[in-house]
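Numbered according to our numbering, the sequence shown spans residues 5 to 370. To keep things clear, I will list the structure first and then write my remarks on it.
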Amino acid sequence: MIKDSNAPDYILIAVVLGLLTAGIVMVYSSSYVWADYKFDDSMYYLKRQLLFAGAGIVAMIVTTLVPYGTWKKYAKIILITCFVLLLLVLIPGVGMVRGGAQSWIGVGAFSIQPSEFMKLGLIIFLAAYLASNQKYITSFKKGFFPSIMLIFTAFGLIMLQPDLGTGMVLVLTCMVMVFVAGARLWHFFGLAGLGVLGFVALIASAPYRISRITAFLNPWEDPLGDGFQIIQSLYAIGPGGLMGLGLGESLQKYFYLPEPQTDFIFAILGEELGFIGGSAVIGLFLLLLWRGIKIALDAPDAFARFLALGIISMLAIQAMINISVVIGLIPVTGITLPFLSYGGSSLTLTLCSVGVLLNISRYSKI
5 MIKDSNAPDY ILIAVVLGLL TAGIVMVYSS SYVWADYKFD DSMYYLKRQL
55 LFAGAGIVAM IVTTLVPYGT WKKYAKIILI TCFVLLLLVL IPGVGMVRGG
105 AQSWIGVGAF SIQPSEFMKL GLIIFLAAYL ASNQKYITSF KKGFFPSIML
155 IFTAFGLIML QPDLGTGMVL VLTCMVMVFV AGARLWHFFG LAGLGVLGFV
205 ALIASAPYRI SRITAFLNPW EDPLGDGFQI IQSLYAIGPG GLMGLGLGES
255 LQKYFYLPEP QTDFIFAILG EELGFIGGSA VIGLFLLLLW RGIKIALDAP
305 DAFARFLALG IISMLAIQAM INISVVIGLI PVTGITLPFL SYGGSSLTLT
355 LCSVGVLLNI SRYSKI
């Protein structure tokens with residue numbers, strides 16, 4: 005492994021801080037009405053987001069200083085711990101139910117979301133596995149099948165919560181890693197066929213998922229029910245126009261768009277800052293993707309390349325899905341927008357992941 009004689013990627017740091025700052029501003033702007041109504045404190049969500057951001061920045065600094073090879077050394081322990089947490093969250097009385105999903109573990113106001121830990125934990129383990137077994141990845145039995153079984157075991161546990169959005173991000177991220185490792189295309193074609201059947205079964209097994217599909221196809225068929233969120237999201241983005249209504253001037257946050265500081269924060273951003281503001285945020289995500297890919301390409305060894313690729317794929321896929329939901333391109337999935345949406349586990353683990361990426365950049369071959 006090349007000595008870490010380089011400084012971390014300052015462009016990546018600037019992009020992340022830019023997105024984080026935009027997120028803090030928009031969390032307050034989108035939430036102060038709801039926070040004042042629910043908690044009699046208009047700054048409730050802002051104060052908590054600042055706390056989460058502070059913890060995340062500390063985690064990012066720490067992981068930037070930890071040599072990336074350390075994660076390979078403890079990859080099995082990390083993965084086992086993540087699986088234990090996913091099992092614990094399913095135990096009645098241990099897992100906490102929010103929004104219809106039993107996805108949190110905690111006491112009182114403090115809680116963590118194990119599925120967020122699993123995303124990073126599985127990326128670390130899969131990077132280590134692919135680095136050591138890349139020569140077998142073209143073999144279905146020795147390389148491809150073990151990877152897929154591991155991925156879908158984690159996906160299955162997440163779906164028991166259920167949390168389809170997080171499960172989708174995890175599967176798509178890992179599929180990118182396996183594909184880049186050199187897996188055969190026909191293996192993916194076969195998997196895609198099984199995936200379609202499995203996806204249909206998942207939708208059919210839960211009426212609310214069928215409702216989400218029908219609401220996506222025609223949200224105005226049930227404007228006060230399943231189509232409510234996407235209609236209100238489009239009502240937010242549409243009036244934003246080119247320049248937006250102005251920061252803080254959103255109308256949809258006045259109890260039209262439910263809890264706009266979370267999954268639909270991009271809708272409020274589009275309403276207040278318009279096409280220009282939304283494009284600027286998308287531009288920052290594209291810049292983030294470019295720097296992440298560059299770090300992966302310049303990484304000194306296979307483990308670092310797969311790890312960097314996995315992290316940047318996770319962030320890009322999650323951002324793409326969230327924004328696509330908000331603008332009505334895909335059905336509602338219920339995942340946050342990285343760096344911008346309100347949330348503790350999501351923001352902290354996202355910044356922690358960026359720290360790992362920054363550490364890899366310090367070992368660049370350049």
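Note that CB positions come from ideal geometry on N, CA and C, so glycine has one too. Keep in mind the model is a prediction, meaning the values are calculated, not measured.
ask   = Excluding the five sequence neighbours on either side, which residues of its own chain have a C-beta within less than 7 Å of the C-beta of Met-5, listed in chain order?
value = Position 1 of the sequence shown, counting from 1, holds the residue named residue 5. With a pLDDT of only 46 at Met-5, under the threshold of 50, the placement of this residue in the model should not be trusted; the figure read from the coordinates follows. If we look at Met-5 and ignore the five residues flanking it on each side, its Cβ neighbours are Gly-73, Pro-304, Asp-305, Tyr-367.
task = Specify, as a first and last residue, the run of the beta strand (DSSP E) that Met-100 falls within.
result = Position 96 of the sequence shown, counted from the first residue, corresponds to residue 100. Counting along the chain, the beta strand (DSSP E) containing Met-100 begins and ends at 99–102.
Where Gly-110 falls: helix, strand or coil (DSSP) = As a first step, residue 110 is located in the sequence shown; it is residue number 106 there, counting from the start. Looking at Gly-110 - three-state DSSP - the assignment turns out to be strand.
key: Within 9 Å, strictly: CB atoms of Thr-354 and Gly-60   = Locating residue 354 in the sequence shown gives position 350, where the first residue counts as 1. Locating residue 60 in the sequence shown gives position 56, where the first residue counts as 1. Using a Cβ distance threshold of 9 Å, Thr-354 and Gly-60 count as a contacting pair.
key: Coil, strand or helix - Ile-339 by DSSP   = Residue 339 sits at position 335 when you count from the first residue of the sequence shown. Correct three-state label for Ile-339: coil.
ask   = Under the DSSP definition of a beta bridge, which residues are partnered with Ser-115?
value = Here residue 115 refers to the residue found at position 111 when the sequence shown is read from its first residue. Paired residues: Gly-110.
message = Helix, strand or coil for Pro-12? Go by DSSP, reduced to three states.
response = Here residue 12 refers to the residue found at position 8 when the sequence shown is read from its first residue. Correct three-state label for Pro-12: coil.
ask   = Which of helix, strand or coil does DSSP assign to Ala-196?
value = Sequence index remark: in the sequence shown, residue 196 carries index 192 (1-based). Helix, per DSSP.
request  = Indicate the three-state DSSP secondary structure (helix, strand or coil) for Ala-323 in the structure shown.
outcome  = Numbered from its first residue, the sequence shown carries residue 323 at position 319. Note: Ala-323 maps to helix in three-state DSSP.
ask   = Using DSSP with H/G/I as helix, E/B as strand and the rest coil, what is Pro-96?
value = Translated into positions along the sequence shown, residue 96 becomes position 92. Pro-96: strand per DSSP, three-state reduction.
inquiry  = When you compare the CB positions of Gln-236 and Gln-256, do they come within less than 9 Å of one another, or not?
reply    = Residue numbering aside, residue 236 sits at position 232 when the sequence shown is read from its first letter. Residue numbering aside, residue 256 sits at position 252 when the sequence shown is read from its first letter. In this structure, Gln-256 lies closer than 9 Å to Gln-236 by Cβ.
query = How do the region 158–178 and the region 94–109 stand: do at least 3 beta-carbon pairs fall below 8 Å, yes or no?
reply = yes
query = Between Arg-52, Leu-291, Met-122, which lies nearest to Leu-14 when the distance is taken from Cα to Cα?
reply = By 1-based counting over the sequence shown, the position of residue 14 is 10. Looking at the sequence provided, one finds Tyr at residue 14 rather than Leu. Among Arg-52, Leu-291, Met-122, the Cα nearest to that of Tyr-14 belongs to Leu-291.
Lys-7 - DSSP class collapsed to helix/strand/coil = For the purposes of this step, residue 7 is identified with residue 3 of the sequence shown, where counting begins at 1. With a pLDDT of only 49 at Lys-7, under 50, the local geometry of the prediction cannot be trusted, and the value read off the model is given with reservation. In the structure shown, Lys-7 sits in coil (DSSP, three-state: anything other than H, G, I, E or B).
query = Who are the Cβ neighbours of Val-19 in its own chain at under 6 Å, not counting the five residues just before and after it?
reply = Walking along the sequence shown from the start, residue 19 turns up at place 15. Within the same chain, Val-19 has close Cβ partners Leu-288, Leu-291, Leu-292.
query = Pick from Pro-150, Leu-174, Ser-151: whose alpha carbon is nearest that of Leu-161?
reply = The count along the sequence shown starts at 1 and reaches residue 161 at position 157. Here the closest residue by C-alpha is Leu-174.
message = Is the separation between the beta-carbon of Ile-155 and that of Gly-147 shorter than 9 Å?
response = For the purposes of this step, residue 155 is identified with residue 151 of the sequence shown, where counting begins at 1. For the purposes of this step, residue 147 is identified with residue 143 of the sequence shown, where counting begins at 1. Contact flag unset, no.
task = Would you mind listing the alpha helix (DSSP H) stretches within the region 34–90 that are 4+ residues and don't spill past its ends, in chain order?
result = Runs found: 48–69, 73–77.
message = For the alpha helix (DSSP H) containing Tyr-239, name the first residue and the last one.
response = Here residue 239 is taken as the residue at index 235 of the sequence shown, counted from 1. Where Tyr-239 is concerned, the enclosing alpha helix (DSSP H) stretches over 232–244.
ask   = For Val-19, does the three-state DSSP call read helix, strand or coil?
value = For the purposes of this step, residue 19 is taken as residue 15 along the sequence shown, with counting starting at 1. Helix.
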